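Asker:
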Amino acid sequence: MCGRFVAAYDADKLAHDWDARVSSSLPSVSWNVAPNAPIRVLAPDKHGSLWLTAYWSLIPEWMRDEVPSFPTFNARIETALERPAFRDSARNHRLIVPMAAYYEWDRHKRPYCFTARDGGVLWAAGLFSIRPADRARRLSCAILTRDAVGAAASVHDRMPVLLDHATAMRWMQPTADPAGLLEEAAAQGARLSETLDSWQVAPLQGMGRSSWSRWKR
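Numbering (the working numbering), first residue to last: 24 to 240.
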């Protein structure tokens, strides 16, 4: 799974690198983002792509509740096209969740931090849902996960699906073949898992407003 991550990076620089527009307001930097929080995402729009805020727990358009009655912050890539909560989003509504790092816990409840070996941002494949304008939490999302491989598998059995820049751009195209994209994303996620560094960190507290240096290696 992917239940906590770091959102600490220069959003304006990333917007320039992706040639994306930036929403008027984005969530603050956090070193411990949790499910059900507002997060920064890169989503497609009619002008190309847009940095904006989404609620991190996907609420399908048909769901009446403002908070899902079951966990929807992660979606398994293997079943995303089958599960009622995710299949419409997997077909038509795909986005990217940028991460400076993500956390995972081993079977002894010890947290580990995973980062890109080159120090770059991790691009996680995600799904989103848009609800009617009069509903709260109108834009919501889930992060896709896959079987963990490489060093990640020694900590947990699941990990986020990671993409490179080119694949991430294709991932967001609503007209692309969803089954083919999911297959490509799963394969690339396995390759990119080999480029991760990881280490054990101190127990996480709160919403991550303390310094990143506490967990940085």
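Even for Gly, the Cβ is constructed at its ideal location relative to N, Cα and C.
The model shown is predicted, which means the values in this text are computed figures rather than measured ones.
(1) Using the Cα positions of A38 and V172, report the straight-line distance between them to the nearest angstrom.
(2) If you draw a straight line from the alpha carbon of A30 to that of P83, how long is it in whole angstroms?
(3) Using the rule of at least 16 other Cβ atoms within 10 Å of the residue's Cβ for burial, across every protein chain shown, is Q196 buried or exposed?
(4) Assuming W23 is part of the alpha helix (DSSP H), what are its boundary residues?
(5) How big is the Cα-Cα spacing for I100 and E206?
(6) Mapping the DSSP letters down to three states, classify W194 as helix, strand or coil.
(7) Please report the straight-line C-alpha distance between L75 and R44, rounded to a whole angstrom.
(8) According to DSSP, is A66 part of a helix, a strand, or is it coil?
(9) Report the rounded CA-to-CA distance for S233 versus P61, giving the unit in angstroms.
(10) DSSP has T76 in a bridge; who is on the other side?
(11) Taking the alpha-carbon positions, what's the N59 to S163 distance?
(12) Anyone know if the C-beta pair for A165 and F93 falls short of 8 Å?
(13) Whole angstroms is fine: what's the gap from G149's alpha carbon to P226's?
(14) What three-state label does DSSP hand G212 in the structure shown?
(15) Taking R133 as the reference, which of D68, V224, S51 and N115 has the closest Cα?
(16) Considering only DSSP beta bridges, list what D170 is partnered with.
(17) With DSSP collapsed to three states, give me the class of T218.
(18) Kindly list the residues whose CB is nearer than 7 Å to the CB of S112, restricted to its own chain and excluding five residues on each side of it in sequence; keep chain order.
(19) Nearest to F137 by CA position, among P155, L185 and P67, is which residue?
(20) Taking C-alpha atoms, which residue in V64, S177 and A213 lies nearest to W128?
Answerer: Answer, in terms of the structure:
(1) 30 Å
(2) 25 Å
(3) exposed
(4) Nothing about residue 23 can be reported from this structure: the residues present for the chain run from 24 to 240 only.
(5) Those two C-alpha atoms are separated by around 9 Å.
(6) helix
(7) The straight-line gap from Cα to Cα measures roughly 9 Å.
(8) strand
(9) Residue confidence is low: S233 scores 47 on pLDDT, short of 50, so the model does not pin down where it sits. No coordinate-derived value is stated.
(10) Beta-bridge analysis with DSSP links T76 to R63.
(11) If I take the Cα positions, the gap works out to 9 Å.
(12) no
(13) 27 Å
(14) helix
(15) V224
(16) R181
(17) helix
(18) L81, L150, F151 and S152
(19) For F137, the nearest C-alpha among the options comes from L185.
(20) Considering only alpha carbons, the answer is S177.
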